[in-house]
Every structure is written in C-alpha cells, then in structure tokens.
Amino acid sequence: MVSCVYVETEIRQHPRTQRILKRLNNTPVVEIRHYGEVFNPRAQNFRLQKSNPALIIARKHKRQVLKTPKSYGIGGYHNYYFSHMLNCIYDCRYCFLQGMYRSAHQLVFINYEDFAAEISRVTAQHDGEPVWFFSGYDCDSLANEPLTRFVEYFVPVFARLDNSWMELRTKSTQIRQLLKLEPCPRVITAFSFTDQHSHRKLEHGVASIKKRIDAMQALVESGWPVGLRLDPIIYHHDYQAAFIQLLEQIFAVIEPTLLHSVSLGAFRLPKNNFKQVHRLFPDEALFAQNLALNNDIISYPLTLEQEMISFCEQQLLQWIPAEIYFPCNWHD
Amino acid sequence: MLVWVVALHCEAKPVIDHYGLKKSASHHAFDVYQKDNMHCIISGIGKTAVAAATAWIAGLNRHQGSIAWINLGTAGSSAHTLGTILSIFKISDSESDRNFYPVPIFDSALEPAHCLTLSQPSTDYQLDQIYDMEASAFFDAATRFSSAELVHCLKIISDTPAQKIGHDKARISELIGQHIVELASFAQSLEELNDQVARLEINQSDWEKILGCAHFTRTQQSRVSKSLRFLFSQQRQTRALIAEVTKLQSAELVIAHLENLCHQQTQTL
Ligand code: SF4
Numbered sequence: 000m001v002s003c004v005y006v007e008t009e010i011r012q013h014p015r016t017q018r019i020l021k022r023l024n025n026t027p028v029v030e031i032r033h034y035g036e037v038f039n040p041r042a043q044n045f046r047l048q049k050s051n052p053a054l055i056i057a058r059k060h061k062r063q064v065l066k067t068p069k070s071y072g073i074g075g076y077h078n079y080y081f082s083h084m085l086n087c088i089y090d091c092r093y094c095f096l097q098g099m100y101r102s103a104h105q106l107v108f109i110n111y112e113d114f115a116a117e118i119s120r121v122t123a124q125h126d127g128e129p130v131w132f133f134s135g136y137d138c139d140s141l142a143n144e145p146l147t148r149f150v151e152y153f154v155p156v157f158a159r160l161d162n163s164w165m166e167l168r169t170k171s172t173q174i175r176q177l178l179k180l181e182p183c184p185r186v187i188t189a190f191s192f193t194d195q196h197s198h199r200k201l202e203h204g205v206a207s208i209k210k211r212i213d214a215m216q217a218l219v220e221s222g223w224p225v226g227l228r229l230d231p232i233i234y235h236h237d238y239q240a241a242f243i244q245l246l247e248q249i250f251a252v253i254e255p256t257l258l259h260s261v262s263l264g265a266f267r268l269p270k271n272n273f274k275q276v277h278r279l280f281p282d283e284a285l286f287a288q289n290l291a292l293n294n295d296i297i298s299y300p301l302t303l304e305q306e307m308i309s310f311c312e313q314q315l316l317q318w319i320p321a322e323i324y325f326p327c328n329w330h331d
Numbered sequence: 000m001l002v003w004v005v006a007l008h009c010e011a012k013p014v015i016d017h018y019g020l021k022k023s024a025s026h027h028a029f030d031v032y033q034k035d036n037m038h039c040i041i042s043g044i045g046k047t048a049v050a051a052a053t054a055w056i057a058g059l060n061r062h063q064g065s066i067a068w069i070n071l072g073t074a075g076s077s078a079h080t081l082g083t084i085l086s087i088f089k090i091s092d093s094e095s096d097r098n099f100y101p102v103p104i105f106d107s108a109l110e111p112a113h114c115l116t117l118s119q120p121s122t123d124y125q126l127d128q129i130y131d132m133e134a135s136a137f138f139d140a141a142t143r144f145s146s147a148e149l150v151h152c153l154k155i156i157s158d159t160p161a162q163k164i165g166h167d168k169a170r171i172s173e174l175i176g177q178h179i180v181e182l183a184s185f186a187q188s189l190e191e192l193n194d195q196v197a198r199l200e201i202n203q204s205d206w207e208k209i210l211g212c213a214h215f216t217r218t219q220q221s222r223v224s225k226s227l228r229f230l231f232s233q234q235r236q237t238r239a240l241i242a243e244v245t246k247l248q249s250a251e252l253v254i255a256h257l258e259n260l261c262h263q264q265t266q267t268l
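Taken in sequence, the protein lines are chains A and B.
Per numbering that gives the first Met the number 0, the first sequence starts with residue 0, numbered consecutively.
Per numbering that gives the first Met the number 0, the second sequence starts with residue 0, numbered consecutively.
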C-alpha cells in the first residue's frame, strides 16, 4: 500500500497510468508537473518517508539506459542498466538506495516503449556481441510486478533481441508472471540472499529465505535460468556458521549445476552514500561496526574483508563449479 | 516540539484552549502561546507575516532536536461545504507558480486537498482548489528548518460562494473548534513522528560536557557524535557513559574508547 499517488499531468491519461490508478483506487491522487518536484527537494527524510511511502508515476525523458559501474557484471563485456523504478518496497538497511535518493517514494517510469527502443538501439551498436542489461540496479526487479507489469512487457522485448541478456535481480517471490511466459534463456532471474541472522536483523519486509528458495526452484523447474547473489556478506560474530547454513539450505533444494551464475561480495557502500545513510540511521549497528574507507568505498577493514571473502568463497566453491562464479571485485 | 502557526488569534483559540497554552510574556515580535513542548504563534495574515513568524520561532528554538509544524487556518472553496476540514497534499503559489508537497506520512482520516496561496484575497474560485493566503510561504519557510514530513497545513473552509464568514471571529473559532478532536489526533501523530527524529539527537548539555573534556577537531567531533548517537540509542546509561568519557584526557582516548564500545556492541549486529 502507498500513502498517495503523484502523477505527472503529461501521462495521467496513459493506459499504464490508468491501470495502476485503478488498482489503487482508494488512494489520493495528486497531479504534478515533473517527478523532480516531489522526488528531489532537499528537505526530505528518507527514513521517515520509508515508513509510509507514496508512489510517483512519471515519464523518463532521456538516459533510459546507462553503462554500469566497472565492477558490476557477471562475466559480460558490455554491461548496461536500466531502471523502470527508483526505490523499493523492501527496506534493507544495507541498501545503497537509502543514501542515493532524498526521497523514499517509489518512482515508476511508465514509458516502457522508450526504454525498449533504447535497449534495441544499444544492442544494435554492439554488432552481435553479447550485451547485458541489468534491471535491478535502482529497485527490486520483481517486487512490484502486480503494479508495474514490468516482466510482462520486458521479457518479450529481450526474447526478440538475439544478443541481449537481461538480469532480473530480486529478493521477492513475485514469479507468477514469469511462470506464465515461455522461458527465455537470456533472461536470468538472480535471487539475492544474506544469512539468516543478517536477514532477520537487516532485511525488513523481505520474504523468508525458504520462500525465496522455493520461488527459485519453481523457476528452475519451469526452465528459467536462475542466478544466485550472495551479496552483501555481513560481518557478525557467527557469520561463518551462518553462511555455511545458508548454503546448505539453498543447495538442499537447488541443483548447483543448474545455476546460471553465482556472485559474492562483502558489504560496501560508496563513501557519500554511507555518510547519508549513517546520518539517517545513527542507531543502526551495521554502521557502527568496524568499517574502513578504501578507494572511496566504505567496507570492512581490508584484512577482515579478505578473510570473510576467502572463507565464503572456499565454502561456496565446494558446491558450485568455478566457471559460474563471479566475485564482486570492487577493489579493481 | 510542535509549533502551530496560525494567522489570527480567533483561528488559534480552539487550540490554545484545548491544550491550555499560556501567553508568553517574554516574546514581543509575535504573540506566542506555549506549554511544555508545544508552541502556538500568531503570525498575522499573508505570506510575509507567516514566513517571518515561522523563521522567528524556529530561530528561538534552534537548540531543539527537531521541530514539527502545523499551519492551521481558514480557506475558501467552491467545492466544499462550510466547516470542512482538509489536509493539504499540494500547495501552489499563485505569484511564483511554485508547487510544494507536504508528505502524507501517517494515516489520517482528513480529506486531502490542493491549496492555492494567493497574495491578494479573491473569490474567483476553481473547483479543484481551495484558497488561502499563507500556506506556500509557511511551507517554504518551515522546510528550511525541518524535513517536509514534519510540516503540514490543515485548513477549514470558511468561505464558499454561498456562505461567507468574513471577519466574524466567534464563528471562525467555532468552525475550527468543532474539529478539535481531529486536530489533536493529527497533532499527536505528528509529535510521535517528530519524537522519532528528536530521539536520535544528542542532548545539547550532554554534548557540551563531552566536548569540554578535551580539544576535538571538527572531524573528531563528528566521530564522537556518531559513536555517541549509536551508544545512546542502545539503552546505554547516558550519565554513566558521560562520566566514563569525561575522565579520559585526550580526544584520541575518548574516540578510541567510544569506537571500541561500538565495535563490541555490534558483534551481534
Ligand atoms: S531488496 Fe534490494 S533494492 Fe530493495 S531495499 Fe533490499 S537491497 Fe534495496
């Protein structure tokens, strides 16, 4: 549920807007000129807003597709991201979106056709080489599917483009729409997990680990490629045992050789995002941990981070073949 | 703390009576009524007056951890009946053409409305807007001191094409007074929200005690503040912690001690 819906006047009559408004039919609607009027003002408190965010329906006029940061990817050479949504219905305390935007309102861009045209254009630029498009950079790709119908529109777009791959990154169990569609080998649904202790403390509103594993298995059984993202690894007194337990829980259900890809990375936030988030959540233990600045990124002190990553890698590689493992090398 | 900003005394009277606010003898620029953590300031009519009053009282309370604001007043409308109470979701300023959006953060039963703030009185009402003379300037001024979630405007319809209350003070008080339960409930939710923010701040006198025990650079102050804000939030005995820290004789020792306590405390997340 959202507290209110802000709609850009220009797209008030757009069929996708109308359908969303119909779904939220008792929610107050406020017309705005441009989403920036609501999303960008300085005097906003992300933490307070997150307790009852609004929905903003807008049009993204340009820069629909952007290059990913250097370390972002799973083995591909040409990596892009596109965001039909900014912000998320979940509330993970380590999420970089908290320090990225001033507003916690969920912003949906409904001009999917413009995104699709840009994706086709970028794909064509690469002369048949594989191109990766990541859709869960600024949001959870699937969590809002009943409202956005993102998958319903974009999976067929990628099914038509021979050399394009899309990663759907999610912590949700919203797979119903995917199950209705013909599996596309170039659309990877990547599920993120942290261990049970970190999940309970830090991932507010996120479905249980078991439910997410079940959703993953349902996709595997239907022929969809799935990925596993063990990111972020969070330090706590018992992280090693908790990580082993998480792997056992996942691989008791999921056949490791059927995974498309697996990635792993320690908790990290860009320095400026960290500053913002820490200011908002001074009471959060995660941010009062022993952390260090390295290459403009705040993460664990190097020796601790290396110890954590090498322990987790060692455990992980007992389950999966090395060819599908892609560490998050943010130090490079 | 919560501040009511109201143009006229007759509009403020129901709030003053309900909370038993007392007129402050020490303030002369504006009439201020107060009790405990609540203030009500009478700004006068119009944008300049309300902006001045808002900035003035914010300055007076600059040591408060966080301030929540309600602009209470009357408005004109051609779509609502006399006495309707409305919560403003959008404010437009007729002069500057700027829009402002108070954030509807907690569930309130009050009907939402779009308010157009005019510089001159007018009765040329559009159906989808209500009309006042302060909201835009109030919101613009208050959001310089508090985040938008803590700044709200509540308006009661006093003028419609069919009925005009005009300057009938008693009738204005009556129209507003009939909504005192809703107003008080809204104010309570807002105060609770504000407490969430204020709780995270370090009390000024505690902060001064800590800073008094050694010389801290700006960066060191920021590290101390982060550690303290975390430790205070973990139900640590504030007094005992301050006593521990003020025994230490250098900024480095204070920081090391506090950060060590934080690291110990965060082993289990
Ligand atoms: S699910 Fe992902 S995008 Fe959503 S809050 Fe958690 S980390 Fe952020």
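Even glycine gets a Cβ: it sits at the ideal position worked out from N, Cα and C.
Check whether the Cβ of A/Val-107 sits closer than 7 Å to any heavy atom of the ligand SF4, and report yes or no.
Exclusion of A/Val-107 from the 7 Å shell around the ligand SF4 follows from its C-beta lying no nearer than that to any non-hydrogen atom of the ligand.
Answer yes or no: the CB of A/Asp-139 versus the heavy atoms of the ligand SF4, is any distance below 7 Å?
Yes, the Cβ of A/Asp-139 comes within 7 Å of a heavy atom of the ligand SF4.
Tell me whether A/Cys-327, by its Cβ, gets closer than 7 Å to a heavy atom of the ligand SF4.
No, the Cβ of A/Cys-327 stays beyond 7 Å of every heavy atom of the ligand SF4.
With burial defined as no fewer than 16 other Cβ atoms inside 10 Å of the residue's Cβ, what is the status of A/Asp-194: buried or exposed?
The residue in question, A/Asp-194, is buried, as its Cβ has 16 or more Cβ neighbours within 10 Å.
Starting from B/Cys-39, trace the alpha helix (DSSP H) both ways and give me its first and last residue.
Here B/Cys-39 belongs to no alpha helix (DSSP H); instead the beta strand (DSSP E) covers 37-41.
Closer than 7 Å by beta-carbon distance: list the chain B residues that pair up with A/Cys-311, in chain order.
None at all; the shortest Cβ gap to chain B is about 17 Å.
Leaving aside the five residues before and after B/Tyr-18 along the sequence, list all residues of the same chain whose C-beta is less than 7 Å from its C-beta, in chain order.
Within the same chain, B/Tyr-18 has close Cβ partners Lys-34, Met-37.
With a Cβ-Cβ cutoff of 8 Å, do A/Arg-168 and A/Phe-108 count as a contact?
No Cβ-Cβ contact shorter than 8 Å links A/Arg-168 with A/Phe-108.
Taking the straight line between their C-alpha atoms, what separation do you get for A/Pro-320 and A/Ala-123?
Distance between the alpha carbons of A/Pro-320 and A/Ala-123 is about 33 Å.
For a contact meaning CB atoms closer than 8 Å, what does A/Cys-414 contact in chain B?
With chain A covering 0 to 331 only, the question about residue 414 of chain A has no answer from this structure.
List the residues of chain B that A/Leu-285 touches, going by C-beta distances under 7 Å, in chain order.
In chain order: Leu-268.
Using the three-state DSSP reduction, which class does A/Met-165 fall into: helix, strand or coil?
Three-state result, A/Met-165: strand.
Return the chain-ordered list of same chain residues with a C-beta closer than 8 Å to the C-beta of A/Leu-315, the five sequence neighbours on each side being excluded.
Within the same chain, and ignoring the five residues on either side of A/Leu-315 in sequence, the residues whose Cβ sits closer than 8 Å to its Cβ are Leu-229, Leu-246, Val-261, Leu-263, Tyr-324.
Would the C-beta of A/Asp-90 count as close to the ligand SF4, meaning under 7 Å from any of its heavy atoms?
Indeed, a heavy atom of the ligand SF4 lies less than 7 Å from the Cβ.
Per-residue contacts from B/Gly-196 into chain A (C-beta, under 9 Å):
Per the sequence shown, residue 196 of chain B should be read as Val rather than Gly. From the beta-carbon of B/Val-196, the residues of chain A found nearer than 9 Å are Asn-44, Arg-46, Leu-47.
Output needed in chain order: residues of the region 205-225 of chain B with a Cβ under 9 Å from some Cβ in chain A.
Cβ contacts with chain A come from Ser-224, Lys-225.
Determine the chain D residues that contact A/Ser-50 at a beta-carbon separation under 7 Å, and present them in chain order.
The chain inventory of the structure shown lacks chain D, comprising the protein chains A and B.
Since B/Val-223 and B/Phe-215 should fall inside the 8 Å C-beta cutoff, what is the C-beta to C-beta distance between them, to a whole number of angstroms?
Right, their Cβ atoms sit about 6 Å apart.
Output yes if chain A places a C-beta closer than 8 Å to the C-beta of B/His-262; else output no.
Yes, B/His-262 lies at the interface with chain A (some Cβ there is under 8 Å from its Cβ).
Should A/Leu-96 be counted as a contact of the ligand SF4 given a C-beta to heavy atom distance under 7 Å?
A distance criterion of 7 Å places the beta-carbon of A/Leu-96 in contact range of the ligand SF4, judged by its closest non-hydrogen atom.
Note down, in chain order, every chain B residue with its Cβ under 9 Å from the Cβ of A/Asn-289.
Going along chain B in sequence order, the residues near A/Asn-289 (Cβ under 9 Å) are Glu-258, Cys-261, His-262, Thr-265.
Just tell me which of A/Phe-153, A/Gln-48, A/Phe-310, A/Pro-269 has its CA closest to the CA of A/Phe-95.
Checking every option, the nearest Cα to that of A/Phe-95 belongs to A/Pro-269.
Per-residue contacts from A/Lys-200 into chain B (C-beta, under 7 Å):
Within 7 Å Cβ-Cβ: Leu-268.
For B/Arg-228, count neighbouring C-beta atoms within 10 Å of its own C-beta (all shown protein chains included) and say buried if the count is 16 or more, exposed if not.
Buried: at least 16 other Cβ atoms inside 10 Å.
According to a CB-to-CB cut-off of less than 7 Å, which residues of the region 7-21 of chain A neighbour chain B?
For the region 7-21 of chain A, which is checked against every Cβ of chain B, not one residue is closer than 7 Å.
In its own chain, which residues sit with a C-beta less than 6 Å from the C-beta of B/Leu-210, not counting the 5 before and 5 after it?
So the list is empty, once near-sequence residues are dropped.
Spatial distance of A/Thr-8 from A/Cys-138 (CA atoms):
When rounded, the distance between both Cα atoms is 24 Å.
What is the DSSP secondary structure of B/Phe-231, reduced to helix, strand or coil?
B/Phe-231: helix per DSSP, three-state reduction.
Residues bridged to A/Leu-229 by DSSP?
A/Leu-229 has A/Leu-263 as its beta-bridge partners, per DSSP.
Three Cβ pairs or more, each shorter than 8 Å: is that satisfied between the region 193-207 of chain A and the region 169-184 of chain A?
The region 193-207 of chain A vs the region 169-184 of chain A: in contact.
With DSSP collapsed to three states, give me the class of A/Ser-197.
Three-state DSSP puts A/Ser-197 in a helix.
Would you mind working out which of A/Leu-47, A/Ile-56, A/Phe-45 sits nearest A/Gln-12, comparing C-alpha positions?
Distance from the Cα of A/Gln-12 is smallest, within the candidate group A/Leu-47, A/Ile-56, A/Phe-45, for A/Ile-56.
Please confirm whether any heavy atom of the ligand SF4 lies closer than 7 Å to the CB of A/Val-205.
Checking every heavy atom of the ligand SF4 against the Cβ of A/Val-205, one is found closer than 7 Å.
A/Lys-170, DSSP secondary structure in three states:
If DSSP states are grouped into helix, strand and coil, A/Lys-170 belongs with coil.
Check: A/Cys-87 C-beta below 7 Å from any heavy atom of the ligand SF4:
The ligand SF4 has a heavy atom closer than 7 Å to the beta-carbon of A/Cys-87.
Proximal chain A residues relative to B/Ser-146, where beta-carbon distance stays under 8 Å:
Think of a sphere of 8 Å around the beta carbon of B/Ser-146: the chain A residues whose beta carbon falls inside it are Ala-42, Gln-43, Asn-44, Leu-47, in chain order.
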